[in-house]
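Protein chains in written order, with the working numbering: chain R, 3 to 286; chain C, 3 to 286. Structure first, commentary second.
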């Protein structure tokens, strides 16, 4: 197993602390999900870029193909170095840092065996150029939405937001609705959640506390929703509807998703940033 | 059924003639594929943009879900009007035409039931702004390549090219290899074919004859390959390999394909430009 050793660059110093939390959260999610699955085990694969590559770093990939979790990826990634021209154009403050940047995050997508269990996505990340900022969010994509699940998911994220700033939930919920939208289909990806980016309030400690609370909120609420739905009986037609909904998920991730695009431009491991792809999907 | 009536604009005049050929070719492909399928029938759906839409036009969608052809789309589209800012930036000569453009084409993707029958794509198109040009190509994507199929497919396209210009096949084959490549996977989409774009040699009649011969070459060779492979016995593992290969096809079309991107920026019918999506695909 390779170990990722960040350089002593000041901008990576910022992300080193963040990665510690992401890896701890990753482990706790793994424990919770394996217990919930009651059979599946996460595969553990660490990868690093080849020596001599323009960029340094790699990722800690964790994937489970279980009974309840048909396919779930919980990845921590950490990349630093000098960005490509395209990367510099896309990242705030990268021009001023001479292209130097560091980025890390934890990213999770769960595709569930039972069509009544919603697909879920959670991501929190830290970025550094000549600026530093945080981003993240979580959103729920049911094939068959249950009001109870939607309400509980949002309530949990709202609580995380309320501890940070009075208007945060309202703003980040709206941002999520706007971001997780498929313009070509004229339909939302799911029932929303929260989304935030470019977060740098001036109080980095408070921003980190908020970001962590989003991770904790996710870990609190999603297993409760899974438990509620995982044993509901379903028909072949229900399953088909789920696979079509997953096709939309593929469209969003490949056409619009920033994290996936970031994977493409940083020449990352496709098995890592495409872990969000569903195990099977349909376009009938 | 709606009928698409082009305006009398000189730039659409160019495409009106092209559409006649594309529709004729479409009908002949349909007859050949239905006969080959021995059971399936094409559904016929015509669509037009809403009155008052920035753009005019629409498409003639033809889809068959058969026994041999698991899902095949053969679409003719025709769009004209004033391009969006993004469209103007992307189309040669659009700045000079004040954004006015017309575009039409026939586009075909076949996903086959038997994993030993290669997936195929064929497209020919005509574009007009202040300039006019043709584009097109055909490429083969087998899950399990057979040298005989690859050789025959290329030989047929080479013959079409040789009738046009001595170096055409070599150039368009290389263009195809370069275009139908997944950089993030570091792998080609399939075994290639030909690809050409921005074709305006100064002899429009000769360019059209060449383009037509590409369509005819496709109609000659692909049914022969299908006939050769469609009844070969296969295992569940073969089928799984096919579904994974189709996942790569999805990645190419959503991330790189110009035709799909053109559909996105012209606010076309997603059911038409996403007809290329496979009926089912896997990312295990």
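Backbone N, C-alpha and C fix where the C-beta goes; we use that ideal spot for every residue, glycine too. Computed from a predicted structure; not experimentally measured.
| Item | Value |
| --- | --- |
| Interface flag, residue 43(R) vs chain C, CB-CB below 9 Å | no |
| Straight-line gap, residue 8(C) to residue 196(C) (C-alpha atoms, nearest Å) | For residue 8(C), the predicted structure reports a pLDDT of 47, less than 50, and the residue's modelled location is therefore unreliable. The matter cannot be settled from this model. |
| Cβ pair count under 8 Å reaching 3, the segment 260 to 275 of chain C against the segment 52 to 63 of chain C | yes |
| Backbone CA spacing between residue 284(C) and residue 240(R) [nearest angstrom] | 18 Å |
| Boundaries (first-last residue) of the beta strand (DSSP E) holding residue 109(C) | 102 to 114 |
| Within-9 Å CB hit, residue 73(R) to chain C | yes |
| Local Cβ density within 10 Å of residue 112(C), reported as buried at 16 or more and exposed below that | buried |
| Backbone CA spacing between residue 205(C) and residue 178(C) [nearest angstrom] | 23 Å |
| Interface residues of the segment 81 to 108 of chain R facing chain C [CB-CB below 8 Å] | none |
| Alpha-carbon spacing of residue 132(R) relative to residue 16(R), whole angstroms | 12 Å |
| Cβ-based contacts, 7 Å cut-off: residues of the segment 213 to 243 of chain C near chain R | none |
| Span of the alpha helix (DSSP H) around residue 49(R) | It is not in any alpha helix (DSSP H) - residue 49(R) instead sits in the beta strand (DSSP E) that spans 44 to 50. |
| Chain R contact residues for residue 55(C), given Cβ-Cβ distances below 9 Å | Those do not exist, as residue 55(C) stays about 14 Å from chain R at its closest Cβ, beyond 9 Å. |
| Pairwise C-alpha distance: residue 74(C) and residue 109(C) | 11 Å |
| CB of residue 224(C) within 9 Å of CB of residue 124(C), strictly | yes |
| Residue-level contact to chain C via CB, residue 187(R), 9 Å cutoff | yes |
| Through-space distance from residue 203(R) to residue 213(R), alpha-carbon basis | 12 Å |
| Three-state secondary structure assigned by DSSP to residue 167(C) | coil |
| Rounded separation between residue 275(C) and residue 43(C) - CA only | 20 Å |
| Nearest-angstrom Cα separation, counted from residue 79(R) out to residue 10(R) | Low per-residue confidence applies at residue 10(R): pLDDT is 40, beneath 50, and the placement is therefore not dependable, though the value from the model is reported in the following sentence. Their backbone Cα atoms lie some 18 Å apart in a straight line. |
| Helix, strand or coil at residue 298(C) [DSSP, three-state] | Examination of residue 298(C) is not possible in this model, given that chain C is present from 3 through 286 alone. |
| Pairwise C-alpha distance: residue 188(R) and residue 209(R) | 33 Å |
| Per-residue contacts from residue 284(R) into chain C (C-beta, under 7 Å) | 281, 282 |
| Nearest to residue 242(C) (by Cα), restricted to the options 28(C), 41(C), 145(C), 92(C) | 145(C) |
| Contacting residues, own chain, Cβ-Cβ under 6 Å from residue 95(R) (five flanking each side not counted) | 131, 132, 133 |
| Beta-ladder partner(s) of residue 283(R), from DSSP | 283(C) |
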